[in-house]
Amino acid sequence: GKVQVLVHLIGQDIMGIPLEAPLTVHKTIYTLPMLTIKEDKGTGIVTSVPSDAPDDYAALRDLKNKPQLREKYGIKDNMVLPFDPIPIIEIPGYGNLCAVAACDKYKIVSQNDRDKLAEAKEDTYKKGFYEGVMLVKGYEGQKVQDAKKIVQTLMVDSNDAVIYKEPEKLVMSRSGDECVVALCDQWFLDYGEPVWRGLAEQCLASMNTFSDDVRHNFLSTLDWLHEHACSRSYGLGTKMPWDPKYLIESLSDSTIYMAYYTVDHLLQGKWDGSIPGPANIKPEQLTPEVWDYIFYKTKPYPAGCSIPKATLDKLRHEFEYWYPVDVRMSGKDLIPNHLTYFIYCHCAMWSDDRSKWPKAVRANGHLLINSEKMSKSTGNFCTLEEAINKFSADGMRMSLADAGDHIEDANFVEKMAEAGLLRLYSLLEWVREMLASKDSLRVGPASSYTFNDRVFISEMNKSIAETKTNYEEFLFRAALRTAFFEFQAKRDRYREVETEGMHRDLVFRFIETQALLLAPICPHLTEYIWGLLGKEESIMWAPWPVAEPADEHLIRSSQYLTDSSHEFRLRKKAVLNPGKGKRVQAAPTHATIWVAKNYPPWQNLVLTVLQKLYQDNNGFPDNKIISQELISKPELKKYTKKLMPFVQVAKENVEKNGVRALALTSDIDEAEVLNLNLQYLANTVEVEGLEVKSSDLADDKVKEDCCPGKPFISFITEIQQQ
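Following this line, the structure appears as C-alpha cells:
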C-alpha cells in the first residue's frame, strides 16, 4: 500500500507547542527538548514521567536550572518552571518520587551522565514494575504490574492510545540490515484467558515442582503471560490446519508431543517413512478423528476409517497405560515459555479429564565448569567426548550427579571429578580384596552378630531407604551422598570399631547393596562388580534391595559410642598437653569411664525449665526470657555463671538431636554400649586397662563433669616396679 503523508516536520517545528495529555492533572503541557532521545527509534517523541524516570527528571531539571538551554530551544519559562514531578507510585527504598531519589543516589548531575542514568534506569524500572504500588486515585494499592494492563486497556478503549510494537534493542539481520517491526497478520494463542488460566493454575497446584523456586517462577509466568504469537511464515514445522500458509512455531508445537511417545513405537518404521511401523498405519490415515479416538476415551470409532478398530484400540490402550506425564525434565530457562505452554495445552486438550494433566516438572539450572560459565572464547569448556576420555563415562556421570540439585546452576569441578574417579577405583580394588580374602573373614549365624554387626545392618537399611527417597525426588546429588559417600563411611566405621573383624555375610551384603544403590549413576562399574559377585543376569534387571526398618535406637547408640570415643581422645590429648607452666603427665596406662544416670540437681532443674519453655512457646524463647526464668529459681542462685553456657549447650543438642536432648535421663544403656566396645575404646585411647563405672562412685568433680549421654574419662598412670 501507499503511505499518505499529511505533513513534513522536523523536531524544531513542534518544540514548545501546547499539548493535551490523557490521565494527567495538567490541562496543558508542552513539547520539550531531551538530549537522550533516540532519533532513529519510533517518532522521537516520548511521554515524560519525571517522577519515576531518571532520564526524564534529569532533562526537566536541566531545563529548570539552565536558562541558556531553554533559550537555545525557544522554550519559555512558563513551559517549564511551574511543573514539578507528581507522585504516582510508591517504591520501596525510593519513596514516591523514585527518579528524584535515584538521581541523588547515583549522583547524576545532568542528562549527559549517560552511564549513571542507564544504571539508575535499570534499577528503578525493574523495582518499580515488580514492587511499585500505585498512588493514583482509582488504582490505590494496586501493584504496577497489575495496573499497567488495566490502564492500557482503558486508554486503548477510549481512543487515547494505540498499540504498537518495536524491538527491545537494535536487531541486525545476517545480511547486515537493521530489523524493524512490521504489523503483519499473526495467529495468537490466548494464554491468560480467565477460564483457561484457571485450569492451568489448578494443574500447577496439583503438580510436584520439587522446589518452591520453580513453583514461584510458574506462578509469576501465569501472572504476566497473555497472547503469544504461535505462527511463522517460513522454516520447519507443522502447517496451521486452518491457515496452511503459516507454520506453527516450535515452542507452541511441542507442548503435548509426549502423548505421541506413547504410540510412536507402533507407528514408526524405517526412519524415512518408507516402511510403516508394527501397526501398519500410513501417515495420511492419521486424521484428526483418529487422534480423537486415541486420546479421548469417550470418542466413537471414526466413520469410514480404514484402520482396523482393533489396531486403534491397541493405540488407545497404550496411551491410557502410559499417560499422564509422570515428570517432565527440562531447563529452568523454559519455565517462562515452553513449560508453561505445556501446562496450558494439556489443560486445553484434556479439560474434562484431569487424570491426563502433567504430574510433575523437574527444572534444572545451567552447567558451570570450575565455578565459571562455559565459554569457548575463554577456553572454559569441555566436550562430552573429551570429558569421557578424561574421566570415563561413570566418572563423568558421578561428577555431574555431584554437581548440584534443584534449580541452582550445577558446578562441575575437575578436581572433584578426579577425586571421585579415584574413589571409584578404590571401591573396585577393595571389592577385589574382599573376594580374594573371603575365606579369612569372620563367619557365624545371625544369632552370633555383635553389637557393631547389628549397627552396620541398620545403617545399611537406613541408607537404602534414604537413597530410594532421593532418587524418587530426582535429588541425584543427595542420592550420591547417601548411596556412596555416606555408605562408604559407614563401612569404614564398621571396619574400625569391630575388633573381631568384619562378618563375611555383611561384607558381601554391603558390596551387593553398594552396587545396586550406585547403579543408576555408575552403571558400568556396578555392572562389572555385579559380575565379580558371580551374578549371571545384568544388574539392570536386579530389583531394588530389600530393607528392613532401621533400628534408630541402635544407630543412636552407635553415634553415642562415636561421640564418646572422640571426647575421650580429646580428654587424653588435654592430659598429655596441660599447657604452658604445668607439669606434663606421663602417658596413662589405665582409664576409668564414668557413666551418669542422672544430671546434677541444678542441671536437672535447668532442663526441666527448658522443657516447659520449649513446649509453651513451640520452641525456645529469647535467651533473655530464659535467663530471667532461671535466675528467679532460688536453687540456681549459686550457679549463675554456669547457667547460660549450659543452656547454650542444651540448645545446640536440641538442634542436633531434637527435643529428646532435653530428657532428664538417656534412653541408651550407656554402660552396656561401652562395655560391649571396651576393647575398641581401649585401643582408641591407647591404654592397657579400661573399666566402666557409675558416677555415683566418683568424686564431686567427676560428678559435675558427667551427665546422661556424656560420659567422663579419667586417666591413671601405673609405674611398673623393676
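Final position of the sequence shown in full-length UniProt numbering is 722; the numbers increase by one with none missing.
Beta carbons: idealized from backbone N, C-alpha and C, even for Gly.
The model shown is predicted, which means the values in this text are computed figures rather than measured ones.
Between the beta-carbon of Thr311 and the beta-carbon of Asn337, is there less than 9 Å?
no
In terms of residues, what are the limits of the alpha helix (DSSP H) holding Glu530?
The amino acid occupying residue 530 in the given sequence is Trp; Glu does not appear at that position. First-last of the alpha helix (DSSP H) with Trp530: 523-532.
Q.
Can you check whether the C-beta of Gly192 is within less than 9 Å of a C-beta belonging to chain B?
A. Looking for chain B here will not work: only one protein chain is present.
Problem - Proximity to Ser206 [Cα-Cα], best of Leu428, Arg354, Tyr30 - result: Arg354
- Item | Bridge partner(s) assigned by DSSP for Leu368 | Lys373, Asn411
When the Cα atoms are used, what is the spatial distance from Ser565 to Leu678? 11 Å
*Host beta strand (DSSP E) of Glu691 (start-end)*: 689-694
Exercise for the section: Output yes or no for whether 9 Å exceeds the beta carbon distance between Asp52 and Ala99. Expected result: yes
### Query
Looking at the unbroken alpha helix (DSSP H) that takes in Met398, where does it start and where does it end?
Element bounds for Met398: 393-401.
Could you compute how far the alpha carbon of Ile464 sits from the alpha carbon of Leu517? Between Ile464 and Leu517, the C-alpha separation is close to 7 Å.
- Message: Three or more C-beta pairs under 8 Å: does that hold for the stretch 544-562 against the stretch 426-433?
- Response: no
Using C-beta distances below 8 Å, list every residue in its chain close to Val162, excluding the 5 sequence neighbours before and after it, in chain order. Val156
request  = List the DSSP bridge partners of Gln713.
outcome  = For clarity, residue 713 is Ile in the given sequence; the question names Gln instead. Answer by DSSP bridge pairing, in chain order: Ile593.
Checklist entry - With respect to the beta strand (DSSP E) encompassing Asp243, which residues constitute its N-terminal and C-terminal limits? => result 243-248
Notebook entry, point to check: Where does Phe485 land, buried or exposed, given buried means 16+ other C-beta within 10 angstroms?
Noted result: exposed
Practice prompt. Run the CB neighbour count on His26, radius 10 Å, all protein chains shown included, and call it buried at 16 or more, exposed below.
Written response: exposed
Note down the Cα distance separating Asp253 from Thr238, rounded to an integer number of angstroms.
7 Å
Using a Cβ-Cβ cut-off of 8 Å (strictly less than) and excluding sequence neighbours within five positions of Arg633, which residues of its own chain qualify? The question names Arg, but residue 633 in the sequence shown is Lys. Listed in chain order, the non-local C-beta contacts of Lys633 below 8 Å within the same chain comprise Leu605, Val609, local neighbours out to five positions each way being set aside.
Checklist entry - Nearest to Gly709 by alpha carbon, out of Val692, Thr665, Phe715, Gly689? => result Thr665
Exercise. Measuring CA to CA, which of Glu688, Ser558, Arg504, Glu372 is closest to Ala436?
Worked result: Arg504
* **CA nearest to the CA of Pro324, picked from Pro358, His8, Lys148, Val195** => For Pro324, the nearest C-alpha among the options comes from Pro358.
Quick check: what's the CA-CA separation for Gln488 versus Met434?
Straight-line Cα distance between these residues: approximately 15 Å.
Exercise. In terms of DSSP beta bridges, what is Glu318 paired with?
Worked result: Per the DSSP secondary-structure output, Glu318 pairs with nothing in a beta bridge.
How about Ile91 and Val133: are their beta carbons less than 9 Å apart? yes
Can you tell me whether Pro82 is helix, strand or coil according to DSSP? Coil at Pro82, not helix or strand.
Checklist entry - Using a Cβ-Cβ cut-off of 7 Å (strictly less than) and excluding sequence neighbours within five positions of Glu459, which residues of its own chain qualify? => result Excluding residues within five positions, the ones whose Cβ falls inside 7 Å are Lys490, Ile555.
Report task. Please work out which residues of its chain come closer than 7 Å, Cβ to Cβ, to Leu69, disregarding the five sequence neighbours upstream and downstream, and give them in chain order. Result -> Asp62, Leu63
Ala663 vs Leu607 beta-carbon contact at 9 Å
yes
Going by beta carbon distance, what residues of the same chain come within less than 6 Å of Glu318, once the five residues before and after it are set aside? Thr262, Val263
My output table needs one value for Arg442: the three-state DSSP class, helix, strand or coil.
strand
Quick check on Ser158: buried or exposed, where buried means 16 or more other Cβ atoms within 10 Å of its Cβ? exposed
Q.
Which same chain residues end up closer than 6 Å to Ala586 when comparing Cβ atoms and leaving out the 5 residues on each side of it in sequence?
A. Within the same chain, Ala586 has close Cβ partners Thr717.
Take Leu81 as the anchor and find which of Ile29, Ala661, Lys116, Met34 has the nearest alpha-carbon. Ile29
Q.
One question on the structure: do Lys148 and Phe129 come within less than 9 Å of each other, judged by their Cβ atoms?
A. yes
message = Quick check on the DSSP output: the alpha helix (DSSP H) that includes Ala558 runs from which residue to which?
response = The sequence given here has Ser at residue 558, not Ala. Per DSSP, Ser558 belongs to the alpha helix (DSSP H) from 552-576.
In DSSP terms, what Tyr30 is bridged to:
Pro18
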